[in-house]
Structures are given as C-alpha cells and as structure tokens.
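Heads up, the thing below is written out as structure tokens.
Numbering (our numbering), first residue to last: 7 to 154.
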C-alpha cells in the first residue's frame, strides 16, 4: 500500500490516522488468510515518521513497512536515521537502480546486523536486454551484500 500524497489542505495528522485505521481494517481481513499488509515509505510517506505512526495506529501483527530506498532520505541525515526507527516493522525493502548514490552497502550492513529475513525487490530502468540487466544486477547485489 502507498500512503502517498497528502491531499492539498488536509490535516496531516488526520490523514495519518485514517491510513492507520485503514491498515488495521485491511489487516483484520487479511490475517486469517496469512497475508501481511505493508505500507510503503512512498510519496509524502517516504518520511519515516508518517509511515511509522500509521503502522503504530494500525497496531496489528500483520501490518508492516516497506522501506523504499528513496534518495531524498539523505537530505535529512544518514540512512540509519531512516532505517532505525522502522526496523522492527520492516517486512520488505524496495530498491531502485543499484548503481545510484543511495547508500545500499550501509543499508545491507544494517539489515545483516539485525538479522533481516524479509523480502527485497528491485525496480530499475527499462532495458532492451532485460535478461542481461537482471544478471548484472543480481551479481552487483550479491557483491554489495557480501561486502556489507
């Protein structure tokens, strides 16, 4: 799920409360089916405080967070300042172009340190040779994780 953009003129606290209540309602429906509901740190919710607050409002064991590896985080500090507050709720890491300036090695190091066992996915630029690109990204990812 995406919290995404706050509607223009909306009270952010009310929006976060509504997102949290919605997460809880969806999780109650999904739980008997063994499904987790995750809120991605995306759009205006890329800033961890909004995402974390919504997940805490949901207060459901099947609700988690998708860390979106957004380069905008770096203008607020280090990767640990975005990762540490949400790590106990982290269920998925959504990566983008691994050759970017995003501090993936630092993130992978923290994930390894904390015994992260959730999912990871990669969104990358389009290619005319996707099989080759997937192979290259897989090799790059393995090297980055191994050296983290």
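Glycine residues also receive a C-beta, built at the ideal position from the N, C-alpha and C atoms.
| Assuming residue 112 and residue 85 make a contact with CB atoms under 8 Å, what is their CB distance in whole Å? | About 5 Å separates the two Cβ atoms, so the contact holds.
| Paired residues, beta bridge with residue 25 - DSSP | Its beta-bridge partners do not exist; DSSP assigns none.
| said: So, for residue 7: in the same chain, excluding its five sequence neighbours on each side, which residues have a beta-carbon less than 6 Å away from its beta-carbon? | reply: In chain order, 45 place their CB closer than 6 Å to the CB of residue 7, counting only its own chain and leaving out the 5 sequence neighbours on each side.
| task | Below 8 Å on the Cβ atoms is my guess for residue 30 versus residue 69; work out the distance and round it to an integer in Å. | result | The pair is a contact, with the Cβ atoms about 7 Å apart (cut-off 8 Å).
| query | At which residue ranges does the region 39-75 contain complete alpha helix (DSSP H) runs of 4 or more residues, listed in the order of the chain? | reply | Restricting attention to alpha helix (DSSP H) runs no shorter than 4 residues, the region 39-75 encloses them at 54-64, ordered along the chain.
| Residue closest to residue 88, alpha-carbon to alpha-carbon, out of 17, 100, 75, 12 | Out of 17, 100, 75, 12, the CA that lies nearest to the CA of residue 88 is found in 75.
| task | Report, in whole angstroms, the separation of the C-beta atoms of residue 92 and residue 58, which I expect to be a contact under 8 Å. | result | So it is a contact: roughly 5 Å between Cβ atoms.
| request: Starting from the C-beta of residue 54, find all residues in its chain whose C-beta is less than 6 Å away, skip the five residues before and the five after it, and write them out in chain order. | output: The beta carbon of residue 54 sits closer than 6 Å to the beta carbons of 88, 91, 92 from its chain, once the five residues preceding and following it are set aside; these are given in chain order.
| field | For residue 125, the first and last residue of its enclosing beta strand (DSSP E) | value | Run containing residue 125: 125-129, per the beta strand (DSSP E) assignment.
| said: Which same chain residues end up closer than 8 Å to residue 10 when comparing Cβ atoms and leaving out the 5 residues on each side of it in sequence? | reply: These residues qualify, in order along the chain: 48, 49, 50, 51.
| To which residues of the same chain is residue 133 closer than 7 Å at the C-beta, ignoring the five residues directly before and after it? | Within its own chain, the residues whose Cβ lies closer than 7 Å to the Cβ of residue 133, once the five positions on either side in sequence are excluded, are 139, listed in chain order.
| request: Go to residue 92, then tell me how far its beta strand (DSSP E) extends in each direction, as first and last residue. | output: Where residue 92 is concerned, there is no enclosing beta strand (DSSP E), given that its DSSP letter is neither H nor E.
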